[in-house]
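Asker: Encoded as structure tokens, here's the structure I'll be asking about.
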Amino acid sequence: MTERLWSIYNETKRQTEDLTPVISTNSVNPDTIFANNEMSLRDIEIYGFDYDYTLAFYSSHLHTLIFNIARDILISNHRYPEGLRKYEYIPNFAVRGLHYDVQKALLMKIDAFHYIQLGTVYRGLHPNMSDFYGKSSHGHTMKQFMDIFSLPEMTLLSCVNDFFMRHNIDYEPVHLYKDVKEAIRDVHVKGIMYRAVEADIEKYICYGEQSHAVLKKLSEHGKKMFLITNSPFDFVDRGMSYIVGKDWRDLFDVVIVQADKPSFFNDRRKPFRRVTDKGALLWDRIHRLEKGQIYKQGNLYEFLRLTGWRGSKVLYFGDHIYSDLADLTLKHGWRTGAIIPELRKEIKIMNTEQYVHMMTWLQALTGLIEQMQVHRDSASQAVVEEWIRERETKDIFNAQFGSLFRTYHNPTYFSRRLSRFADIYMASISCLLNYDLQHTFFPRRTPLQHESPFWPEQSHVSLSASSQPHRTKAESD
Ligand SMILES: [Mg+2]
Numbered sequence: 018m019t020e021r022l023w024s025i026y027n028e029t030k031r032q033t034e035d036l037t038p039v040i041s042t043n044s045v046n047p048d049t050i051f052a053n054n055e056m057s058l059r060d061i062e063i064y065g066f067d068y069d070y071t072l073a074f075y076s077s078h079l080h081t082l083i084f085n086i087a088r089d090i091l092i093s094n095h096r097y098p099e100g101l102r103k104y105e106y107i108p109n110f111a112v113r114g115l116h117y118d119v120q121k122a123l124l125m126k127i128d129a130f131h132y133i134q135l136g137t138v139y140r141g142l143h144p145n146m147s148d149f150y151g152k153s154s155h156g157h158t159m160k161q162f163m164d165i166f167s168l169p170e171m172t173l174l175s176c177v178n179d180f181f182m183r184h185n186i187d188y189e190p191v192h193l194y195k196d197v198k199e200a201i202r203d204v205h206v207k208g209i210m211y212r213a214v215e216a217d218i219e220k221y222i223c224y225g226e227q228s229h230a231v232l233k234k235l236s237e238h239g240k241k242m243f244l245i246t247n248s249p250f251d252f253v254d255r256g257m258s259y260i261v262g263k264d265w266r267d268l269f270d271v272v273i274v275q276a277d278k279p280s281f282f283n284d285r286r287k288p289f290r291r292v293t294d295k296g297a298l299l300w301d302r303i304h305r306l307e308k309g310q311i312y313k314q315g316n317l318y319e320f321l322r323l324t325g326w327r328g329s330k331v332l333y334f335g336d337h338i339y340s341d342l343a344d345l346t347l348k349h350g351w352r353t354g355a356i357i358p359e360l361r362k363e364i365k366i367m368n369t370e371q372y373v374h375m376m377t378w379l380q381a382l383t384g385l386i387e388q389m390q391v392h393r394d395s396a397s398q399a400v401v402e403e404w405i406r407e408r409e410t411k412d413i414f415n416a417q418f419g420s421l422f423r424t425y426h427n428p429t430y431f432s433r434r435l436s437r438f439a440d441i442y443m444a445s446i447s448c449l450l451n452y453d454l455q456h457t458f459f460p461r462r463t464p465l466q467h468e469s470p471f472w473p474e475q476s477h478v479s480l481s482a483s484s485q486p487h488r489t490k491a492e493s494d
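Heads up: the sequence shown begins at 18 in our numbering, then just goes up one per residue.
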């Protein structure tokens, strides 16, 4: 019996290999705008933007900078061991959207059903093999890292954990988490990062993302535009002057800085306050949001009252799925666009022949397992077990945590949130240049589980007819 199983396995594998070049020609353009929900640009009159990682894109130097400053704050202000200074930022260690168990100091990737992806539980810089860690936290504090700025934070946490474990130092993970968080916050709040970026803007801001062309296009089509950012005016002004030009404010009807999102969307109490070009705060009550002025803080309820920009004629872009987009979708009815810079790199990998082959084979293998599990003798079961282990191969997106969007077999927690809170998503705002402003985005109709009940590639295979030709997943798609 096991011989038969292996011969079906080999035959399926051979057919998968034959098909790979055919499927590979069908690649995805990384500049596509993807729709979770049908939306027409024809209906959009007002475009809103977040600033960091939405209009301004940063080079990897910024993460190194944040890591280094926060590491040094831990040593000088929190009296952490001098030996930590040996740790450098590791650019591709973490991915966005990971969860962290604060009590156990474990970093991990969680899927849409709150299960942890096997092999992605890390303590320090290495996988944590000893702990079996089933379905998420058992009364522990779980923190999810959703911000692109949190990549250096996760890496620093992992490095400090690594240092303490390596030196057998007895430490409290909860304190470590809080100290790292505070050190990272200080890098922002105390203005260290802002000053460093302003001093060497060409090193930190990537100019190539064409934000300027997008804003110009919208303005030429008579669209209203506004900016709501948590960053301070000086920093935004310096960056926007670099990206768009000194007259960038002419393009925007309303500019709000230090907005304190997500509380901006929820807290009705905070009034808007006018800031002068020199950064001085004025005390007058705000009755209008005027073009050419800069406002600080405020709240969305007041914003809606003063502008009248309500409902589905407003589209807001941001990179933070929770603090930029969630409340807008759930409570305020604006349309939302998520900027996911990681998409570009993942799509490029998805377009490789190696990836196409891996996925086609994974689908075929899964079908094989589903069908052949009925052979309950121990020899056959051992073969099936071996196939199941093969399904969990290492990921080609990121060596530690894999893709931002998927665990081995499910969407990630991040993916699920993304599809709930964003009408459309794209790698960068420049993708808008590929569409005219009448374009309607349609989500593709993907089958629900009951609409596609079988693994089609194995539907004709049986032990008695193992050589019969069978279709692959890709063909049936
Ligand atoms: Mg942002």
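Each residue gets a CB set at the ideal place from its N, CA and C atoms; glycine is no exception.
Note that this is a predicted model, so its numbers are computed, not measured.
Rounding to the nearest angstrom, what Cα-Cα distance links residue 30 and residue 44 in this structure?
Answerer: Those two C-alpha atoms are separated by around 22 Å.
Asker: Look at the alpha carbon of residue 238 and the alpha carbon of residue 169, and state the distance between them as a whole number of angstroms.
Answerer: Taking the straight line from one Cα to the other gives about 39 Å.
Asker: Going straight from the alpha carbon of residue 476 to that of residue 174, what length do you get?
Answerer: For residue 476, the predicted model reports a pLDDT of 44, less than 50, meaning its position is unreliable and no value from the coordinates is stated.
Asker: Tell me whether residue 87 is buried or exposed, calling it buried when 16 or more other Cβ atoms sit within 10 Å of its Cβ.
Answerer: The residue is buried, with at least 16 neighbouring Cβ atoms inside 10 Å.
Asker: In chain order, which beta strand (DSSP E) runs of at least 3 residues are fully inside the segment 225–280?
Answerer: As far as the segment 225–280 is concerned, its whole beta strand (DSSP E) runs of at least 3 residues are 241–245 and 271–274.
Asker: Can you have a look at residue 485 and say buried or exposed, based on whether 16 or more other CB atoms are within 10 angstroms of its CB?
Answerer: Low confidence applies to residue 485: its pLDDT is 35, below 50, so where it sits in the model is not reliable, and the reading given next is rough at best. It counts as exposed.
Asker: Distance check for residue 440 and residue 490, CA to CA, integer angstroms please.
Answerer: Note on residue 490: pLDDT 35, under 50, position unreliable in the model; no value is reported.
Asker: Using a Cβ distance threshold of 8 Å, determine whether the segment 292–300 contacts the segment 255–262, with at least three qualifying pairs required.
Answerer: At 8 Å Cβ cutoff, the stretches do not touch.
Asker: Can you check which of these residues, 52, 74, 356 and 342, is closest to residue 253 by C-alpha distance?
Answerer: Checked all of 52, 74, 356 and 342; the closest Cα to residue 253 is 74.
Asker: Could you compute how far the alpha carbon of residue 37 sits from the alpha carbon of residue 361?
Answerer: Spanning the two alpha carbons is a distance of roughly 22 Å.
Asker: Under 7 Å from any heavy atom of ligand 1, does the C-beta of residue 335 make it?
Answerer: Yes, the beta carbon of residue 335 sits closer than 7 Å to at least one heavy atom of ligand 1.
Asker: Identify whether residue 75 lies in helix, strand or coil by the three-state DSSP scheme.
Answerer: Reduced to three states, the DSSP call for residue 75 is strand.
Asker: Could you tell me the boundaries of the beta strand (DSSP E) in which residue 331 lies?
Answerer: Residues 331–335.
Asker: Counting only runs that start and end within the segment 64–127, where is the beta strand (DSSP E) found for 3 or more residues in a row?
Answerer: Fully enclosed beta strand (DSSP E) runs of 3 or longer: 116–118 and 123–125.
Asker: Exposed or buried, residue 105, counting other C-beta atoms within 10 Å across all chains shown (16 or more means buried)?
Answerer: Exposed is the call here.
Asker: Report the option in 335, 313 and 307 whose CA atom is closest to the CA atom of residue 323.
Answerer: Ranking the options by Cα distance to residue 323, first place goes to 307.
Asker: Using three-state DSSP, classify residue 169 as helix, strand or coil.
Answerer: Here residue 169 sits in helix by DSSP.
Asker: How far does the beta strand (DSSP E) with residue 313 in it reach, from first residue to last?
Answerer: Counting along the chain, the beta strand (DSSP E) containing residue 313 begins and ends at 311–314.
Asker: Mapping DSSP to helix, strand and coil, what is residue 477?
Answerer: Its pLDDT being 45, under 50, residue 477 is placed unreliably in this model, and the coordinates cannot settle the point.
Asker: Could you tell me which residues DSSP pairs with residue 292 in its beta bridges?
Answerer: BP columns for residue 292 point to 298 and 311.
Asker: Kindly examine ligand 1 and report whether one of its heavy atoms sits closer than 7 Å to the Cβ of residue 353.
Answerer: No - ligand 1 has no heavy atom lying nearer than 7 Å to the Cβ of residue 353.
Asker: Would residue 101 and residue 180 qualify as a contact pair, given that the criterion is a beta-carbon distance under 8 Å?
Answerer: For residue 101 and residue 180, yes; Cβs fall inside 8 Å.
Asker: Taking 7 Å as the cut-off, is the beta-carbon of residue 71 closer than that to any non-hydrogen atom of ligand 1?
Answerer: Within the cutoff, so yes.
Asker: Can you name the start and end residues of the alpha helix (DSSP H) that residue 220 belongs to?
Answerer: Taken as a continuous stretch (DSSP letters only), the alpha helix (DSSP H) holding residue 220 covers 218–221.
Asker: Quick one: measure Cβ to Cβ for residue 344 and residue 283, integer angstroms, because I've assumed they're closer than 8 Å.
Answerer: Rounded, the Cβ-Cβ distance is 6 Å, consistent with contact.
Asker: At 3 residues or longer, what runs of the beta strand (DSSP E) sit wholly inside the segment 353–416?
Answerer: Whole beta strand (DSSP E) segments, 3+ residues: zero.
Asker: Given that a residue counts as buried once 16 or more other Cβ atoms are within 10 Å of its Cβ, and exposed if not, what is residue 314?
Answerer: Buried: at least 16 other Cβ atoms inside 10 Å.
Asker: Cutting at 8 Å between CB atoms, please list the residues of its own chain near residue 210, excluding the five before and the five after it.
Answerer: Only 79, 82, 83, 86 and 204 meet the Cβ criterion.
Asker: By Cβ distance, which residues of its chain are closer than 7 Å to residue 459, with the 5 residues on each side in sequence left out?
Answerer: Here the set comprises 52 and 55.
Asker: Residue 143 by DSSP, collapsed to three states: which one?
Answerer: It is a strand residue.
Asker: So, do the segment 161–168 and the segment 107–114 have three or more beta carbon pairs nearer to each other than 8 Å?
Answerer: With a cut-off of 8 Å, the segment 107–114 and the segment 161–168 count as touching, because enough Cβ pairs lie within range.
Asker: Assuming residue 221 and residue 273 are in contact, meaning their beta carbons sit under 8 Å apart, how far apart are those beta carbons, in whole angstroms?
Answerer: So it is not a contact: roughly 23 Å between Cβ atoms.
Asker: Taking 8 Å as the limit between beta carbons, can you name the residues of its chain near residue 198, skipping five residues before and five after?
Answerer: Hits under 8 Å: 170.
Asker: My parser needs the alpha helix (DSSP H) runs of 4 or more residues fully inside the segment 423–453; what are they?
Answerer: Those alpha helix (DSSP H) runs which fall completely within the segment 423–453 and span 4+ residues are 430–438.
Asker: So, with DSSP's three-state summary, where would you put residue 159?
Answerer: Correct three-state label for residue 159: strand.
Asker: Applying the 10 Å Cβ sphere with the 16-neighbour rule, what's the burial state of residue 462?
Answerer: Residue 462 comes out exposed.
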